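Chains as they are written, first to last, in my numbering: chain C, 1 to 58; chain B, 59 to 310; chain H, 311 to 396; chain D, 397 to 511; chain V, 512 to 664. Ideal placement from N, C-alpha and C gives every residue a C-beta, glycine not left out. Computed from a predicted model, the values in this text were never measured in an experiment.
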Amino acid sequence: MGRAAAVAAEVLAWWLLLTGAWLVLISTVDALEYLVGASAALLAAVAAQAARRAMSGR
Amino acid sequence: MSRRMRMWVLATGGLAVAVLLVAGYARLPHFGGAVHPYGERAVSAALARHTANVISSVNFDLRAFDTLGEETILFGAVLGTVVLLRQTRDEREVPPAPAEVAPPVRRYALIMLPVALLTGLYVVAHGQLSPGGGFQGGVVVATALHLLYIGADYRALEKIRPVGTYEVGDAAGEAAYLVLGVAGLLGGSAFLANTLLPYGTFNTLASGGTVPLLNAAVGMEVACAVVVLLARFLDQAVEIEEDNGSAMGKES
Amino acid sequence: MTDALTLVSLLLVAASATAAVAVRDPARQALVLAVLGLALAVLFTVVQAPDVGLSQLAVGSALTPLLILLSVRKVRRRGQHEGGDR
Amino acid sequence: MNTVPYLVAGWIFLVGCYGLATSRHLVHAVGCLTVCQSSTYVLLLAVGYRDGGTAPVFSDVTPGSRPLVDPVVQALALTDVVVGATVTALLLALVMQVAKRHGTVNPDELSELRG
Amino acid sequence: MNGWLVAATVLLAAGFGPVVWGVATGPLERRVVAQNFGTSVVCLVMLLLSQAYVRPSYVDLALVLAVLGPAGTLVYARLLADDLGDDPPHANLLTVVAASAATVIVVAMCVATGPGRATVKLVLIGVLLVAGNVIASRALAGGFPGAGASTRD
């Protein structure tokens, strides 16, 4: 159970960080930007976690 | 034809082309001139459809059919590369040896992978607003994935990059572009016509009718196409060895 | 002032293009092609074409060099070790 | 100043052709072809430029407030860049096949093999 | 007389000219360092041009270059490790010059744009550029010890 929680925590951390980065990148902020930004950040967060596991799992 | 003779042919041909070019350039409108008839029409057409980035509007709305042709060139080139660089009978696949990489470089690759991915998605999503679009964003996303190869080794990259999925993604991107075109046809107007969706308010993410959707389809296709392309090149350069001269294949 | 900037960026593009052809070794040429891509991106920004500059940056900074260097590695390992211009 | 960009585009094209013709390594020849192709970007965008103009991208500029450059040539140059990269990849794949089949990448030796 | 434009022209001529000469001649070690320095110079020129033309959207070019430029240099460090193996370039001077120039220009632009998300974006680009430059020069100075020996990685 511990591993899944760690994975979820890491993805969540990356997700918040990347959504913040998205909000910095865009010029005008509105509801749709939030939605697209959050989904893009989620995708990037999952990729970040998978990359770390792939790199360390040697 | 001896090399010297070939040089002469090259010299005379080059000189003739140079003379013709200079003669032609003399009659071209001056650099920085104010006569741009197509430009004004393209800008007014794009503004009529609430697309802020006129270049994306030209690419995905006024000349969407040409971009479909360009997509097919991309798809065909990737198909050709996949066929050309397949593993032949007299070759065997050697699992890549793990490479030692300095820790700071590995950490940099791990941190930059999501940031580059996010930048690529940002460039794709805002294709019809700020500079950028499906092409540029797709290439940035694909390069972001390969930070894992650059930062670590090919084995790590292969773990998170199933090539089959990306080949399907490449085809799905092209298919999505076609489906959007046919949807225009079904919607009662012309193929790839931008009359399907409302144009939305200017300078927002949902503006421009089908332009953002075509942008996303192109972004997905370019990203997957470049990943498949690099996968084939990496396989050939890193993994595939020829069977007979296996000794020759060891050292560089 | 913009004329001077345009002239400088055109000169840099012409110089790096000539250098890209003059360098005979493919691996070293990949480096010069990357610098040519950078010079072109600057010229595109000066000529007010940010989209084209963005695509040149995206393609020329990491993708083309990676393709060329992987091909050189494959060709060098397969073909004979040509003495010539090593 | 009014024809210098065109002359630079012509120069890049001729230098690329010279490199292509005198190259002794097929990967170097593909690089020279990329140089030739970049001359088309310079020519296209030089044709579309307007003095004091700015890019017709209205995310941070109100339309009609500033003179604009021509977006049509930019769209052409944009697709040109991406297709150029993909064609370069295809050519490099062909070079790998030539090296595999003939064991050499020197264009002169290749023609001799054909006899 | 747009000051930003003058700065961009001077930086381009003084910074990128030697880069083109450095990448076309000399030992491979010096060429790769020149390419790495060229990425930083062009990214800073892009920032200055976006300020000179009063077009904040041009900053996206500097952003993509700050993200992909160092990746390109890492590609060279990785795939040319065999040739770079003998005397890795210790061009720390160029890294220091690039980092200080980046700090000066980003601070000047932040002052010019004033507080707000655009300033945070500029700082983000500056940080990405300096970090990328430092890591890339670190990689060039022997960041792939293993890859130097083994041919397959």
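8 Å Cβ cutoff met for residue i and residue j
| i | j | result |
| --- | --- | --- |
| A39 (chain B) | G258 (chain B) | Nothing can be reported for residue 39 (chain B): it is not among the residues displayed for chain B, which extend from 59 to 310. |
| L585 (chain V) | V543 (chain V) | no |
| D456 (chain D) | P567 (chain V) | yes |
| P172 (chain B) | A38 (chain C) | no |
| A110 (chain B) | L187 (chain B) | yes |
| G196 (chain B) | V284 (chain B) | yes |
| G38 (chain B) | G185 (chain B) | One cannot answer for residue 38 (chain B) here, as it falls past the ends of chain B, which runs 59 to 310. |
| L640 (chain V) | S551 (chain V) | yes |
| L90 (chain B) | D447 (chain D) | Note that residue 90 (chain B) corresponds to Gly in the displayed sequence, not to Leu. Contact: yes. |
| V276 (chain B) | Y235 (chain B) | yes |
| W22 (chain C) | A41 (chain C) | yes |
| L633 (chain V) | C621 (chain V) | yes |
| V438 (chain D) | V411 (chain D) | no |
| T201 (chain B) | D30 (chain C) | no |
| A495 (chain D) | V382 (chain H) | no |
| N513 (chain V) | A647 (chain V) | no |
| A473 (chain D) | V323 (chain H) | no |
| L494 (chain V) | M557 (chain V) | Residue 494 (chain V) is absent from the model: chain V starts at 512 and stops at 664. |
| L176 (chain B) | L18 (chain C) | yes |
| A481 (chain D) | T355 (chain H) | no |
| A330 (chain H) | L343 (chain H) | yes |
| I408 (chain D) | A325 (chain H) | no |
| V491 (chain D) | V483 (chain D) | no |
| L537 (chain D) | G138 (chain B) | Here chain D covers residues 397 to 511 and nothing more, so residue 537 (chain D) does not appear. |
| V530 (chain V) | L341 (chain H) | no |
| L120 (chain B) | Y402 (chain D) | no |
| A372 (chain H) | A545 (chain V) | no |
DSSP state of residue i mapped onto helix, strand, coil
| i | result |
| --- | --- |
| G2 (chain C) | helix |
| L410 (chain D) | helix |
| G242 (chain B) | helix |
| T28 (chain C) | coil |
| R542 (chain V) | helix |
| E158 (chain B) | coil |
| V453 (chain D) | strand |
| G258 (chain B) | coil |
| L439 (chain D) | helix |
| G90 (chain B) | strand |
| R338 (chain H) | helix |
| L464 (chain D) | strand |
| N111 (chain B) | strand |
| R446 (chain D) | strand |
| R420 (chain D) | coil |
| R386 (chain H) | helix |
| R150 (chain B) | strand |
Closest by C-alpha distance to residue i, when choosing among the options
| i | options | result |
| --- | --- | --- |
| A167 (chain B) | B:L205, B:V101 and B:A160 | B:L205 |
| L320 (chain H) | V:A518, V:V517 and V:F527 | V:F527 |
| V400 (chain D) | B:Y83, B:L176 and B:A295 | B:Y83 |
| A100 (chain B) | D:L490, D:A425 and D:A471 | D:A471 |
| F249 (chain B) | B:L68, B:L126 and B:V77 | B:L126 |
| G637 (chain V) | V:L539, V:N603, V:R589 and V:G580 | V:G580 |
| L572 (chain V) | B:V181, B:G239, B:G222 and B:V240 | B:V181 |
| F260 (chain B) | B:L105, B:R61, B:E98 and B:R85 | B:L105 |
| A629 (chain V) | V:V570, V:V530 and V:C554 | V:V570 |
| T624 (chain V) | V:V607, V:V565 and V:A642 | V:V565 |
| L574 (chain V) | C:L25, C:V7, C:W15 and C:L32 | C:L25 |
Residue i: CB within 7 Å of a non-hydrogen atom of the ligand HEM
| i | result |
| --- | --- |
| A104 (chain B) | This structure lacks the ligand HEM; in fact it carries no ligand of any kind. |
Nearest-angstrom Cβ-Cβ length linking residue i and residue j, presumed shorter than 8 Å
| i | j | result |
| --- | --- | --- |
| L132 (chain B) | V280 (chain B) | 7 Å |
| V478 (chain D) | G444 (chain D) | With 8 Å as the limit, V478 (chain D) and G444 (chain D) do not qualify as a contact, their Cβ atoms being about 18 Å apart. |
| A451 (chain D) | Q358 (chain H) | 5 Å |
| A160 (chain B) | A602 (chain V) | About 17 Å; that fails the 8 Å criterion. |
| V426 (chain D) | L506 (chain D) | That pair is no contact at about 14 Å. |
| I208 (chain B) | R589 (chain V) | 6 Å |
| V369 (chain H) | V553 (chain V) | 15 Å between Cβ atoms; not a contact. |
Interface flag, residue i vs chain A, CB-CB below 8 Å
| i | result |
| --- | --- |
| S435 (chain D) | Annotation note: the requested chain A is absent from the structure, which comprises protein chains C, B, H, D and V. |
Legend entry - Sufficient close CB pairs (3 or more, under 8 Å) joining the region 401-416 of chain D to the region 519-526 of chain V: no
Inset, instruction - Count the C-beta pairs between the region 267-279 of chain B and the region 96-115 of chain B that are closer than 8 Å, then say yes if the count reaches three, no if not. - result: yes
Inset, instruction - Would you check if the region 212-223 of chain B and the region 607-614 of chain V touch, i.e. whether three or more CB-CB distances between them fall below 8 Å? - result: no
Inset, instruction - Spell out a yes or no on whether the region 65-75 of chain B and the region 94-110 of chain B are touching, meaning 3 or more CB-CB pairs, one atom from each, closer than 8 Å. - result: no
Legend entry - Sufficient close CB pairs (3 or more, under 8 Å) joining the region 223-230 of chain B to the region 151-170 of chain B: no
Inset, instruction - Answer yes if the region 332-340 of chain H comes into contact with the region 157-166 of chain B, meaning at least three C-beta pairs across the two stretches below 8 Å, and no otherwise. - result: no
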